[in-house]
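Undergrad: Residue numbers (the numbering used here): 167 to 540.
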Ligand SMILES: [Zn+2]
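#1: Here's the rule I'm using: 16 or more other beta-carbon atoms within 10 Å means buried, otherwise exposed. How should residue 274 be labelled?
#2: Hey, does residue 513 have any beta-carbon neighbour from chain B nearer than 8 Å?
#3: Taking a contact to mean a Cβ-Cβ separation below 8 Å, would you say residue 277 touches residue 303 in this structure?
#4: Could you check whether the stretch 407 to 424 touches the stretch 436 to 448, counting it as contact only if at least three pairs of C-beta atoms, one from each stretch, sit closer than 8 Å?
#5: Any heavy atom of ligand 1 closer than 7 Å to the beta-carbon of residue 369?
#6: If residue 236 sits next to residue 301, beta carbons under 8 Å apart, how far is it from one beta carbon to the other, in whole angstroms?
#7: Give the residues whose C-beta lies closer than 6 Å to at least one heavy atom of ligand 1, in chain order.
#8: Closest by CA to residue 321, which one among 230, 223 and 408?
#9: Is the separation between the beta-carbon of residue 422 and that of residue 454 shorter than 8 Å?
#10: Going by DSSP, which residues form a beta bridge with residue 239?
#11: Would you call the CB atoms of residue 267 and residue 234 closer than 8 Å?
#12: If you run the structure through DSSP and keep just helix, strand and coil, what is residue 331?
#13: Residue 239 and residue 352 - do their beta-carbons sit closer together than 8 Å?
#14: For residue 492 versus residue 450, is the C-beta spacing smaller than 8 Å?
#15: With a cut-off of 8 Å on the beta carbons, I'd call residue 478 and residue 467 a contact; round off their distance for me.
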């Protein structure tokens with residue numbers, strides 16, 4: 167974590183509302199925000215003009231942005247699945263998938279329109295799937311969490327004199343992490359529908375991940391060599407992360423298809439994990455793989471219990487693992503490597519808990535395999 171912080175020691179730029187652009191923070195002149203405007207946007211206490219704190223306003227703004235991005239992701243998810251090249255374009259206005267009528271702007275407001283129209287299209291009264299507002303709400307929620315717990319540190323801070331200091335590295339990390347979350351949402355739903363993770367999203371995703379590693383350094387920094395610039399060390403961390411994520415997935419895929427004699431994972435999963443590693447670094451990529459396997463096993467197990475197919479797309483669970491690894495890496499790693507071993511050493515109940523868990527897992531596995539053979 168220390169190394170990540172190093173990347174943020176770049177000079178901070180200061181933005182004032184009076185002059186659109188003000189000089190560097192250290193030693194430079196600082197612009198003051200006119201009182202009238204300050205009452206609306208920020209104030210020197212934590213309380214804004216409407217009794218809303220700056221942080222809350224930022225979070226609400228992020229959630230609204232997320233809902234709009236989610237609306238666009240619905241388009242991406244739908245159009246990338248079309249075979250006809252003319253329907254794959256992401257430009258142009260939205261049309262009703264049933265009758266082809268142009269959807270008007272007031273019927274295209276994220277979440278709200280679906281509620282107002284009571285899940286029926288205005289043009290032909292055909293049902294609108296609940297998935298559209300769900301994708302919008304999910305993206306809004308993820309952006310809200312990103313604004314509340316920015317994994318790279320805050321986007322800006324409020325100085326005592328009411329001046330808003332935007333941290334360029336924090337703002338860039340926010341934007342790039344938002345792109346990362348959006349890619350994960352789109353890829354998950356496309357994988358659910360088609361069992362494919364399209365290259366047109368994963369490959370640019372890897373490239374954007376490298377850019378995020380170069381600046382502001384979302385993947386951390388390696389090696390600890392002062393001779394290299396922070397940008398180079400960040401980019402190296404990103405490249406190593408992509409190799410670790412992609413490599414481990416590729417190895418599991420090779421072993422899995424040898425043991426089970428069928429394709430356990432697609433090559434799309436390898437590229438998805440390379441993207442995760444490029445954005446988050448090798449440690450989080452490994453944690454993502456670990457969490458993705460747990461989530462996939464739980465959902466696959468539940469599916470087998472209900473008698474459904476045990477063949478599940480792996481992408482959505484890897485994406486879930488990546489989101490959890492992004493926000494909760496430190497508490498999880500502390501638990502796994504500090505809290506848990508300490509408890510195991512000190513508690514007399516530990517051998518029984520471990521033995522019991524192992525036995526239950528084995529019985530469950532045995533039972534699932536028997537069920538699958540039938
Ligand atoms: Zn229609």
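Glycine included, C-beta positions come from ideal geometry on N, C-alpha and C.
TA: The short version:
#1: Here residue 274 refers to the residue found at position 108 when the chain shown is read from its first residue. Under this definition residue 274 is an exposed residue.
#2: The displayed structure is made up of one protein chain only, and chain B is not part of it.
#3: The residue labelled residue 277 in the question sits at position 111 within the chain shown. The residue labelled residue 303 in the question sits at position 137 within the chain shown. Cβ distance < 8 Å, so residue 277 and residue 303 count as in contact.
#4: A contact exists between the stretch 407 to 424 and the stretch 436 to 448.
#5: By 1-based counting over the chain shown, the position of residue 369 is 203. Answer for residue 369: no, Cβ out of range of ligand 1.
#6: Along the chain shown, read from residue 1 onward, the residue named residue 236 stands at position 70. Along the chain shown, read from residue 1 onward, the residue named residue 301 stands at position 135. Correct: roughly 5 Å between the Cβ atoms.
#7: 262, 264, 265, 267, 287, 289, 290 and 292
#8: As a working note, residue 321 is residue 155 in the chain shown. The candidate whose alpha carbon is nearest that of residue 321 is 223.
#9: Here the question's residue 422 lines up with position 256 in the chain shown. Here the question's residue 454 lines up with position 288 in the chain shown. Cβ distance not < 8 Å, so residue 422 and residue 454 don't count as in contact.
#10: Along the chain shown, one-based indexing puts residue 239 at 73. Residue 239 is not bridged to any residue.
#11: Here residue 267 refers to the residue found at position 101 of the chain shown. Here residue 234 refers to the residue found at position 68 of the chain shown. No, they are not a contact pair.
#12: Taking the chain shown and counting its residues from 1, the one referred to as residue 331 is at position 165. Three-state result, residue 331: strand.
#13: The residue you call residue 352 lines up with position 186 of the chain shown. The residue you call residue 239 lines up with position 73 of the chain shown. Their beta carbons are under 8 Å apart, which means residue 352 touches residue 239 by this criterion.
#14: Sequence index remark: in the chain shown, residue 492 carries index 326 (1-based). Sequence index remark: in the chain shown, residue 450 carries index 284 (1-based). Yes, the Cβ-Cβ distance between residue 492 and residue 450 is below 8 Å.
#15: For this step, residue 478 is matched to residue 312 along the chain shown. For this step, residue 467 is matched to residue 301 along the chain shown. With a Cβ gap of about 10 Å, residue 478 and residue 467 do not count as contacting.
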